[in-house]
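Chains A and B, in that order, are what the protein sequence lines are. Taking numbering that gives the first Met the number 0 as reference, the numbering of the first sequence is continuous, increasing by one, and the terminal residue is 313. Taking numbering that gives the first Met the number 0 as reference, the numbering of the second sequence is continuous, increasing by one, and the terminal residue is 313.
Protein chains: 2
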Amino acid sequence: MATILIAGGAGFLGRAMATQLLHRGDLVVCVDNFVTSERGELSELLDNSMFTLIEQDICVPIEQNEAIDAVVDLASPASPIDYLRLPIETLRVGSVGVLNLLDLARTQNARFLLSSTSEVYGDPLEHPQVESYWGNVNPIGPRSVYDESKRFAEAATMANRRTFGVDTRIARIFNTYGPGMRPNDGRVVSTFIRQALLGEDLTIFGDGSQTRSFCYVDDLVRGLIALLDADPSVVAEPINIGNPGEFTVAELAALVLGLIDTPSKVVHLDLPENDPTRRRPDITRAQELLGWSPTVPLADGVARTIEHMAATLL
Amino acid sequence: MATILIAGGAGFLGRAMATQLLHRGDLVVCVDNFVTSERGELSELLDNSMFTLIEQDICVPIEQNEAIDAVVDLASPASPIDYLRLPIETLRVGSVGVLNLLDLARTQNARFLLSSTSEVYGDPLEHPQVESYWGNVNPIGPRSVYDESKRFAEAATMANRRTFGVDTRIARIFNTYGPGMRPNDGRVVSTFIRQALLGEDLTIFGDGSQTRSFCYVDDLVRGLIALLDADPSVVAEPINIGNPGEFTVAELAALVLGLIDTPSKVVHLDLPENDPTRRRPDITRAQELLGWSPTVPLADGVARTIEHMAATLL
Numbered sequence: 000m001a002t003i004l005i006a007g008g009a010g011f012l013g014r015a016m017a018t019q020l021l022h023r024g025d026l027v028v029c030v031d032n033f034v035t036s037e038r039g040e041l042s043e044l045l046d047n048s049m050f051t052l053i054e055q056d057i058c059v060p061i062e063q064n065e066a067i068d069a070v071v072d073l074a075s076p077a078s079p080i081d082y083l084r085l086p087i088e089t090l091r092v093g094s095v096g097v098l099n100l101l102d103l104a105r106t107q108n109a110r111f112l113l114s115s116t117s118e119v120y121g122d123p124l125e126h127p128q129v130e131s132y133w134g135n136v137n138p139i140g141p142r143s144v145y146d147e148s149k150r151f152a153e154a155a156t157m158a159n160r161r162t163f164g165v166d167t168r169i170a171r172i173f174n175t176y177g178p179g180m181r182p183n184d185g186r187v188v189s190t191f192i193r194q195a196l197l198g199e200d201l202t203i204f205g206d207g208s209q210t211r212s213f214c215y216v217d218d219l220v221r222g223l224i225a226l227l228d229a230d231p232s233v234v235a236e237p238i239n240i241g242n243p244g245e246f247t248v249a250e251l252a253a254l255v256l257g258l259i260d261t262p263s264k265v266v267h268l269d270l271p272e273n274d275p276t277r278r279r280p281d282i283t284r285a286q287e288l289l290g291w292s293p294t295v296p297l298a299d300g301v302a303r304t305i306e307h308m309a310a311t312l313l
Numbered sequence: 000m001a002t003i004l005i006a007g008g009a010g011f012l013g014r015a016m017a018t019q020l021l022h023r024g025d026l027v028v029c030v031d032n033f034v035t036s037e038r039g040e041l042s043e044l045l046d047n048s049m050f051t052l053i054e055q056d057i058c059v060p061i062e063q064n065e066a067i068d069a070v071v072d073l074a075s076p077a078s079p080i081d082y083l084r085l086p087i088e089t090l091r092v093g094s095v096g097v098l099n100l101l102d103l104a105r106t107q108n109a110r111f112l113l114s115s116t117s118e119v120y121g122d123p124l125e126h127p128q129v130e131s132y133w134g135n136v137n138p139i140g141p142r143s144v145y146d147e148s149k150r151f152a153e154a155a156t157m158a159n160r161r162t163f164g165v166d167t168r169i170a171r172i173f174n175t176y177g178p179g180m181r182p183n184d185g186r187v188v189s190t191f192i193r194q195a196l197l198g199e200d201l202t203i204f205g206d207g208s209q210t211r212s213f214c215y216v217d218d219l220v221r222g223l224i225a226l227l228d229a230d231p232s233v234v235a236e237p238i239n240i241g242n243p244g245e246f247t248v249a250e251l252a253a254l255v256l257g258l259i260d261t262p263s264k265v266v267h268l269d270l271p272e273n274d275p276t277r278r279r280p281d282i283t284r285a286q287e288l289l290g291w292s293p294t295v296p297l298a299d300g301v302a303r304t305i306e307h308m309a310a311t312l313l
């Protein structure tokens, strides 16, 4: 049994990770300030005596007297509609917040897991993306508040490993979906499902030929936990966690329309600035070092997400 | 007459900028914590009644009751030997420090000038470097504590411009040299001059075919002041400030050896990790928007630097 502090524990990934950790018997301390989540979403977890909530902004240093075995950073607005609405908060949580969590891990002699992102690759010139690729990010574009904060957070994590020997791990998380997503989070899977359930037209930005990889949330969290559990010596460098299945946005729309009885059609809107055209993880490193691969096919995962979102929305 | 706060005002560029601003009649408030500079280097400036010193780390928010017209950020370890020795401090000043200075500029309704760096281009795949180039930076290498902090600082600066309308300017500064450099700052010009003056061999990393551009400090500061003075509407995006003259490191060594009567020879050492192979600014934007170009030829500038360093060292 370990005690694991999850910053951003009330978010989509945070709740899913807390659930899996509690299931195997760990204690979970959730830290969240509910900027992009709601306390109500924690009601089931709060019923569990192994789960504790600290309502706090991690930009304020965390006082923690109990011993902690691991600090997991899942705290940041992560959907473009959120971080474009909260640019300063995103910059602060990715810098001040991450530095505070690293201080906590160092003083507690705890493991530290940073949730980085495929966004550190930007609009990649190499495909699929291998961890050794340095990325193609616009440092001054609107999306840079998220992308550059995560690149900064990786640099800060590696510096704490090199300088203080903090036992760090970095996951580069690719697009994730599943039950528990907010219907209005602006991500393509949740948007299409919400639109189809409500009989609205599905909005594709551009011609829909841009590709994405979609990882089912339970698969992804299993990968994060494998990374957290791994031997320190094998996880010094970032590891992609995502599903290498590559789908065009148009294919995803067709899949959703095929699973829902709806009058919705597809409509096309202009592509936003610096929207990546292709994104697919090379997960060789995760397979070899963690023995991890995703297992849930897109059609199954989307069907489960539809079922869950229908219960919420309709 | 304007009041200009210079964070890092005791450093090499800070002192040179303070000197030019005082010369034209501005008031200068210098904020420094002397991490990579010394109070003694300010003695001449402190004799000037238009110059004030606040000894403070900018990672602590700055209380400033007097009205400020501009905030200039020149605060960071900037030489590789400094930021590799001070990785956490470099990350903090480039994130927490810059966010604090941006808050100060916003609440004071002051202009904000960020000193960014050619390091945001990393080991560039495009040559020469135009401001629209997104760069090729290793986010997890030892140098990332500086490179990624500066990319983060650019993102933070642009976010404050977009969100709050702060009147921001970003200078991407290329290699700068001149009187006032520390002989032991690890930069190639100061190192070669120091070695030649002391009769030590000149150490070239690699075969010396890597190129650098070298801007004389007075030229550079004139460019920074032109950027600070420019009409807000023309300086929304970063502007390269540097000298486009491109020299190999071997050529620089030969120039220094030609100007100093010394028994020193050239020796070669291994190239450090992620050392950029080529670096040269495209300064079209600075020429067109600021009417600025460097004027001091390398041989003249190096001769003046030798004279100054000889007086200090010998």
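All C-beta atoms in this analysis are idealised placements derived from N, C-alpha and C, irrespective of residue type, glycine included.
With DSSP as the reference, label residue i as helix, strand or coil.
i      : result
Y120/B : helix
T106/B : helix
L73/B  : coil
S115/A : strand
G310/B : The sequence shown places Ala at residue 310/B, rather than the Gly named in the question. The answer is helix: DSSP assigns A310/B an H, G or I state.
H267/A : strand
F213/A : coil
Q63/A  : coil
P79/B  : helix
A253/B : helix
N99/A  : helix
R303/B : helix
I57/A  : coil
R279/A : coil
A229/A : coil
I240/B : strand
I224/A : helix
Hey, out of the options, whose CA is closest to residue i's CA?
i      : options                           : result
L269/A : G10/A, I203/A, I80/A and E40/A    : For the record, residue 269/A in the displayed sequence is Asp; it is not Leu. Per the Cα distances, I203/A.
I345/B : P293/B, A285/B, E272/B and R303/B : Missing from the structure shown is residue 345/B; chain B here goes from 0 to 313 and no further.
N239/A : V70/A, L101/A and V129/A          : V129/A
P178/A : E306/A, E118/A and F151/A         : E306/A
Y120/A : P237/A, R303/A, T247/A and T294/A : P237/A
I139/A : D217/B, G198/B, S115/B and T247/B : S115/B
R278/B : S94/B, E118/B and P182/B          : E118/B
F173/B : A104/B, C214/B and R221/B         : C214/B
A66/B  : Q107/B, P280/B, F111/B and L98/B  : Q107/B
C58/A  : V70/A, L20/A and A6/A             : A6/A
D299/A : T261/A, W291/A, D260/A and L251/A : L251/A
A249/B : F111/B, G207/B, R284/B and T167/B : G207/B
L321/B : I61/B, Q286/B and I53/B           : Past the edges of chain B, shown from 0 to 313, lies residue 321/B, and the structure says nothing about it.
R110/A : I87/A, G93/A and R160/A           : R160/A
For the alpha helix (DSSP H) that contains residue i, what are its first and last residues?
i      : result
T89/A  : P86 to R91
V187/B : V187 to L197
R150/A : S143 to F163
A285/A : T283 to L289
For residue i, go through chain A and note every residue whose CB falls closer than 9 Å to its CB, in chain order.
i      : result
N135/B : W133, G134 and N135
G42/B  : As written in the sequence, residue 42/B is Ser, which differs from the Gly given in the question. Within 9 Å Cβ-Cβ: nothing; S42/B doesn't reach chain A, min ~34 Å.
V119/B : P138
Listing by chain order, which chain A residues have their CB less than 8 Å from the CB of residue i?
i      : result
E153/B : P138, I139, S143 and E147
T162/B : P86 and I87
V95/B  : S94, V95 and L98
For the beta strand (DSSP E) containing residue i, name the first residue and the last one.
i      : result
F204/A : L201 to F204
A235/A : Counting along the chain, A235/A falls outside any beta strand (DSSP E), and DSSP gives it neither H nor E.
I259/B : Where I259/B is concerned, there is no enclosing beta strand (DSSP E), given that its DSSP letter is neither H nor E.
I169/B : T167 to I172
T294/B : Looking at the DSSP string, T294/B is not in any beta strand (DSSP E), and its letter there is neither H nor E.
E321/A : The requested residue 321/A is not part of the displayed model; chain A covers only 0 to 313.
A6/B   : T2 to A6
Give me the chain B residues within the contact set of residue i, using Cβ-Cβ distance strictly less than 7 Å, ordered along the chain.
i      : result
V92/A  : Those do not exist, as V92/A stays about 11 Å from chain B at its closest Cβ, beyond 7 Å.
A158/A : P86, I87, L90 and V144
How would you list, in chain order, the residues of chain A whose beta-carbon sits under 7 Å from the beta-carbon of residue i?
i      : result
R150/B : P138, E147 and R150
Since residue i meets chain B, which of its residues come closer than 8 Å, beta carbon to beta carbon?
i      : result
P237/A : I139
Unbroken stretches of the alpha helix (DSSP H), 4 residues or longer, contained in the stretch 10–51 of chain A: 11–22 and 42–45
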